[in-house]
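Undergrad: In our numbering, each residue's number is its place in the sequence shown (first place is 1) plus 4. All residues carry an ideal CB built from backbone N, CA and C; glycine is no exception.
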Amino acid sequence: MNTDESSIIKPKLFSCQESQTRLALDNGSLFGPIEIAYETYGELNAQKNNAILVLHAFTGSAHAAGNPSEDSPGWWSHMIGPGLAIDTTRFFVICPNVLGSCYGTTGPSSINPETGKAYGLDFPVITINDMVRAQHLLIEHLQIPALHAVIGGSMGGMQALSWALNYPEMVKSAVILASTARST
5 MNTDESSIIK PKLFSCQESQ TRLALDNGSL FGPIEIAYET YGELNAQKNN AILVLHAFTG
65 SAHAAGNPSE DSPGWWSHMI GPGLAIDTTR FFVICPNVLG SCYGTTGPSS INPETGKAYG
125 LDFPVITIND MVRAQHLLIE HLQIPALHAV IGGSMGGMQA LSWALNYPEM VKSAVILAST
185 ARST
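Here it is in structure tokens:
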């Protein structure tokens with residue numbers, strides 16, 4: 005992206021504050037409230053059918069693309085942008101931080117509302133499916149009925165697989181890179 009295109013990057017924070025949006029975890033508990041940090045690139049069209057969800061790997065963040073002249077250009081700046089493989093003149097790209105992340109989404113360093121202190125070791129064990137359920141809340145909040153594609157590599161690919169399996173009616177296509185169906 006060149007300097008003119010860096011203005012399309014829109015960092016955002018989505019808060020699930022209501023008790024009805026507490027997240028059901030694979031361990032059987034309800035967790036929340038949660039916040040999801042995410043960035044968007046490009047514009048959502050009127051039909052809301054041009055959204056691509058890009059999911060980061062274990063050490064990644066929501067900052068998938070940006071201006072190469074920045075100190076932190078983005079981990080996929082060579083793939084996301086005008087005229088690139090994920091063309092932001094055609095697609096609305098959403099890249100959320102995973103639940104448990106240290107980059108703005110609720111994680112161990114977040115304040116536990118019940119204690120007023122950081123969750124630390126009290127933060128629940130989070131699964132790939134838990135991450136995807138949190139992302140699903142975000143997509144519902146954005147009122148996007150279906151995703152043109154879900155794309156992820158490594159742990160992001162595991163999330164993309166989970167999206168395709170758990171929300172097949174919402175995923176038109178999935179691109180899974182260097183990933184596996186489960187961890188050991």
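Got a sec, what are the start and stop residues for the alpha helix (DSSP H) GLY157 sits in?
TA: Segment 153-157 is the beta strand (DSSP E) holding GLY157; no alpha helix (DSSP H) there.
Undergrad: Just to confirm, are ILE98 and ILE56 a CB contact at a threshold of 9 Å?
TA: For ILE98 and ILE56, yes; Cβs fall inside 9 Å.
Undergrad: Return the residue from the list ARG137, ALA150, ILE143, LEU142 that minimises the CA-CA distance to SER166.
TA: Per the Cα distances, ARG137.
Undergrad: Can you say whether ASP134 is buried or exposed, counting buried as having 16 or more other CB atoms within 10 angstroms of its CB?
TA: ASP134 comes out buried.
Undergrad: By alpha-carbon positions, which one of VAL175, ALA185, ILE148 ends up nearest to GLN51?
TA: The option with the nearest alpha carbon to GLN51 is ILE148.
Undergrad: For HIS152, count the other beta carbons within 10 Å of its own beta carbon; 16 or more makes it buried, fewer makes it exposed. Which is it?
TA: So HIS152 counts as buried.
Undergrad: The alpha helix (DSSP H) that contains GLU144, what's its start and end?
TA: Element bounds for GLU144: 132-145.
Undergrad: CA-CA distance, ASN54 and ARG94?
TA: Using only the alpha carbons, I get a separation of about 7 Å.
Undergrad: Three-state secondary structure (DSSP) at SER177?
TA: Coil at SER177, not helix or strand.
Undergrad: Assuming ILE155 and VAL179 make a contact with CB atoms under 8 Å, what is their CB distance in whole Å?
TA: Right, their Cβ atoms sit about 4 Å apart.
Undergrad: Roughly how many whole angstroms lie between the Cα atoms of LEU29 and PHE96?
TA: Computed Cα separation, rounded: 29 Å.
Undergrad: Per the DSSP calculation, PHE96 is bridged to which residue(s)?
TA: DSSP lists ALA55 as partners of PHE96.
Undergrad: Over what stretch of residues does the beta strand (DSSP E) that includes GLU39 continue unbroken?
TA: Taken as a continuous stretch (DSSP letters only), the beta strand (DSSP E) holding GLU39 covers 38-45.
Undergrad: Go ahead and label ASN31 buried or exposed: buried means 16 or more other beta carbons lie within 10 angstroms of its beta carbon, across all protein chains shown.
TA: Per the 10 Å Cβ criterion, exposed.
Undergrad: Taking only the alpha-carbon atoms, compute the straight-line gap between THR119 and SER177 and give it to the nearest angstrom.
TA: About 42 Å.
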